[in-house]
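Q:
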Ligand code: 8X3
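Numbering (full-length UniProt numbering), first residue to last: 1 to 256.
(1) Could you name the residues of the same chain whose beta carbon sits closer than 8 angstroms to that of residue 62, not counting the 5 residues immediately before and after it, in chain order?
(2) Once DSSP output is grouped into helix, strand and coil, what is the label at residue 39?
(3) Buried or exposed: residue 7, going by 16 or more other Cβ atoms within 10 Å of its Cβ?
(4) Can you list, in chain order, the residues of its chain with a C-beta nearer than 8 angstroms to that of residue 71? Leave out the 5 residues immediately preceding and following it.
(5) Does the ligand 8X3 have a heavy atom nearer than 8 angstroms to the CB of residue 249?
(6) Quick check on residue 99: buried or exposed, where buried means 16 or more other Cβ atoms within 10 Å of its Cβ?
(7) Please name the residue in 140, 142, 179 whose C-alpha comes closest to that of residue 233.
(8) Taking a contact to mean a Cβ-Cβ separation below 9 angstroms, would you say residue 242 touches residue 142 in this structure?
(9) Do three or more CB pairs link the region 209 to 218 to the region 157 to 174 at distances below 8 angstroms?
(10) Going by DSSP, what residue range makes up the beta strand (DSSP E) through residue 182?
(11) Less than 9 angstroms separating the beta-carbons of residue 173 and residue 85?
(12) Can you check the region 162 to 239 for any beta strand (DSSP E) of at least 3 residues that lies completely inside it and give the ranges in chain order?
(13) Hey, how far is the Cα of residue 192 from the Cα of residue 144?
(14) Shorter than 8 angstroms, the distance from the beta carbon of residue 197 to the closest heavy atom of the ligand 8X3, or not?
(15) Per DSSP, what kind of secondary structure is residue 134 in: helix, strand or coil?
(16) How many angstroms separate the CA atom of residue 15 from the CA atom of residue 68?
(17) Residue 88: which of 251, 217, 56, 131 sits nearest, CA to CA?
(18) Please tell me whether, using a cut-off of 8 angstroms, the distance from the CB of residue 208 to the nearest non-hydrogen atom of the ligand 8X3 is below it.
(19) Mind listing which residues have their beta carbon within less than 5 angstroms of any non-hydrogen atom of the ligand 8X3? Chain order is fine.
(20) Which same chain residues, not among the five before or five after residue 246, have their C-beta less than 7 angstroms away from its C-beta?
(21) Is DSSP giving residue 7 helix, strand or coil here?
(22) Using the rule of at least 16 other Cβ atoms within 10 Å of the residue's Cβ for burial, across every protein chain shown, is residue 158 buried or exposed?
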């Protein structure tokens, strides 16, 4: 793995309180980055920062709601330069068909997955550029690249995140900032499916029923860390990562 240019290079991770975000923060810290953990749940990110510091890494926690633009702008004033931004905050709400989906769920998914990414990216782009070697990661989803029944609200939002990444890459070419999109498929984390189904444990468990080995948060964090630690002139535009048992959004091998 290529080490960051300087030990003190900063990597900001949003949604770092659990799942892919927390795993990414751990792996980037282990790779030598000074990680800044952001999420709404202050207690979680503070505990993770303490864990990382105790292990000899550099980590700070900053409570932040990525949908709150004023708070994001205030957060951004703390940094002159940033090496890496991992836009991980987001998630799914509901799995209803288009005919009955709740517009409030759709709105909230657009707010977190798209506007949250837009807010933090816009606010930190000057610091990423000032670093002379910045990386923006957008953690989208395979839902950003194809649809499935019952997924339209989330699929629409993740398509938005994908388009944001692709367009930003076009617009800032020639500046010292690269844009990487990581699109995970079925990842089993503590909260993704549970949140999607409003805390219904049975529905959440059914998402993974019979699937031998869904991806873990660490699998995705490993991919993000690999992409981020490539030499600066190498841009991993897009990586789609799925478990072996998932051939497409709608084709999953289950042993039931
Ligand atoms: C998660 C993948 O299949 O639940 O982003 O939409 S899926």
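Cβ coordinates follow ideal geometry from the N, Cα and C atoms, glycine included.
A: Here's the rundown:
(1) 36, 37, 38, 45, 75, 78
(2) strand
(3) Caution is warranted here: a pLDDT of 44 is assigned to residue 7, below 50, making its placement in the model unreliable, and the coordinate value is therefore given only provisionally. It is exposed - the Cβ of residue 7 has fewer than 16 other Cβ atoms within 10 Å.
(4) 64, 65
(5) yes
(6) exposed
(7) 179
(8) yes
(9) no
(10) 177 to 184
(11) no
(12) 177 to 184
(13) 16 angstroms
(14) no
(15) strand
(16) 14 angstroms
(17) 217
(18) no
(19) 141, 143
(20) 185, 186, 252
(21) Below a pLDDT of 50, predicted positions are generally treated as unreliable, and residue 7, at 44, falls in that range; no measurement from the model is reported.
(22) buried
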